[in-house]
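Following our numbering, the numbering of the sequence shown begins with 70 at its first residue and continues without gaps.
Backbone N, C-alpha and C define an ideal beta-carbon position, used for all residues, glycine too.
These notes are about the structure you will find just below.
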Amino acid sequence: MNEILKQIDLGSGDTTFKRYILEEFVEDYEDGKMTRRDALKKIAGLLGSVAIANSILAACAPAPTPAPTAAPKANTATTASATTAPTSASVNVSPSDPDIDAKAIEISATGATLFAYLVRPKKDGAYPAILVCHENRGLVEHIKDVTRRFAKVGYVALAMDLVSREGGTEKLGDRATSLLGNINPDQFVADFKSGLAYLANQSFVAQGKFGMTGYCFGGGVTWRSATQIAELKAAVPFYGSNPPLADVPKIQAAILGIYGGTDTRINAGIPEIEAALKASNKIFEKIIYDGAGHAFHNDTGGSYNANAAKDAWAKTLAWFEKYVKA
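This is the structure in structure tokens:
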């Protein structure tokens, strides 16, 4: 797959996330998670060419459907091989939970109005804040649920909608993914800077105590934001693509990188980012969950791994407790 995609002209400018999304589409097709029809539609939408999409798929082959096997036995959270079937209605913290205040907000930015989802503890006080970056489908209900989970344990949490300028996730639906692949990555960081500036002006936010996390596409945005937002005390990117390595010395946050053991595409970049962080004397730890794949934290998706997700959530909270709340 990689050799094929390297030959595709993705256009000018920084195409990091465009390539990331393209590789994810192809990987899902090859793994049998996406039909050819859906893959053709998504790749053509991303690249703006049905012909190129067809040529990519012609060089790929979806994996054969595996024979049914007995359900695996649950192992420890670090090996994390047991998988729980997802449900589309999976919500861990209700929007009406009595301990939190959750609402959609709008944030003024240069030349744009940004949509966001803000959740905070209902009890009066000033709380540390976590920025949350969505996957490549935009600000969907699952990410709103994750945002509520942070508020439930004592954080103000803000999830930005990175296709706000294009109309917002709710309006765009499935088109959000292709649009995300064609936006300059620096705009994503700028939007989170606007989100942080908003939080910094709220009386219910403990000033100077900011962290960030993101998943899949959002993991890559979290990495890149850590290189450009000095106010971040900690960041937890979940299986995210590396930022430009030349920018690693600018990172001020303590980084916890979380990966799935079978996520070979993303894991191929671990040695480079680890070496760059070490060379710059940055605080960095990584956790790789054996048997877990890409997107294992998303309890509404087919790659959800209950053991890995539960342990990764606990590790995320411990990291923010140490570096953001302290």
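Asked: Spatial neighbours of residue 116 in its chain, beta-carbon cut-off 8 Å, leaving aside the 5 residues before and after; Found: 77, 79, 91, 122
Asked: Backbone secondary structure at residue 365 - three-state DSSP; Found: coil
Asked: Other residues of its chain near residue 357: CB distance less than 6 Å, five sequence neighbours each side excluded; Found: 328, 330
Asked: Sufficient close CB pairs (3 or more, under 8 Å) joining the region 282-299 to the region 195-207; Found: yes
Asked: Residue 207 to residue 379 span [Cα, whole Å]; Found: 23 Å
Asked: For residue 170, the residue or residues it bridges with in DSSP; Found: 189
Asked: Cβ shell of residue 222 (< 7 Å), same chain only, five flanking positions each side left out; Found: 386
Asked: Residue 190 and residue 174 closer than 8 Å at C-beta; Found: no
Asked: Between the CA atoms of residue 256 and residue 245 - distance to the nearest angstrom; Found: 15 Å
Asked: Span of the beta strand (DSSP E) around residue 353; Found: 353-358
Asked: Within 8 Å, strictly: CB atoms of residue 252 and residue 228; Found: no
Asked: Separation of residue 307 from residue 334, as counted between CA atoms; Found: 14 Å
Asked: Within 8 Å, strictly: CB atoms of residue 102 and residue 198; Found: no
Asked: Residue from 250, 354, 377 with nearest C-alpha to residue 360; Found: 377
Asked: Per DSSP, the bridge partner or partners of residue 307; Found: 284, 327
Asked: Local Cβ density within 10 Å of residue 354, reported as buried at 16 or more and exposed below that; Found: exposed
Asked: Neighbourhood of residue 352 by C-beta distance below 7 Å, restricted to the same chain and skipping five residues each side; Found: 323, 324
Asked: Residue 339 to residue 162 span [Cα, whole Å]; Found: 33 Å
Asked: From 183, 219, 319, 240, residue whose alpha carbon lies closest to that of residue 266; Found: 183
Asked: Limits of the unbroken alpha helix (DSSP H) element including residue 245; Found: 244-249
Asked: Residue 89, buried or exposed, once every other Cβ within 10 Å from all chains shown has been counted against 16; Found: buried
Asked: Cβ distance (whole Å) where residue 130 is taken to contact residue 99 below 8 Å; Found: 7 Å
Asked: CB-CB length for residue 305 against residue 345, believed under 8 Å; Found: So it is not a contact: roughly 18 Å between Cβ atoms.
Asked: Identity of the residue in 185, 341, 112 nearest residue 231 by Cα; Found: 185
Asked: Cut-off 6 Å between Cβ atoms - residues of its own chain near residue 394, not counting five sequence neighbours on either side; Found: 197
Asked: Nearest residue (CA-CA) to residue 314, options 295, 301, 302; Found: 295
Asked: Extent of the continuous beta strand (DSSP E) run through residue 225; Found: 225-229
Asked: Contacts around residue 137, its chain only, beta-carbon distance under 7 Å, and the 5 residues preceding and following it disregarded; Found: Reliability of the predicted coordinates at residue 137 is poor, the pLDDT of 46 falling under 50, and no value is obtained from them.
Asked: Rounded straight-line distance, which links the Cα of residue 210 to that of residue 401; Found: This structure cannot settle anything about residue 401, because the visible part of the chain is limited to 70 through 395.
Asked: CA nearest to the CA of residue 276, picked from 224, 292, 172, 219; Found: 224
Asked: Extent of the continuous beta strand (DSSP E) run through residue 119; Found: Looking at the DSSP string, residue 119 is not in any beta strand (DSSP E); the run it does join, the alpha helix (DSSP H), is 119-127.
Asked: Rounded separation between residue 419 and residue 250 - CA only; Found: In this structure the chain extends from 70 to 395, so residue 419 is not present and cannot be described.
Asked: Member of 337, 82, 181, 218 whose CA lies at the smallest distance from the CA of residue 171; Found: 218
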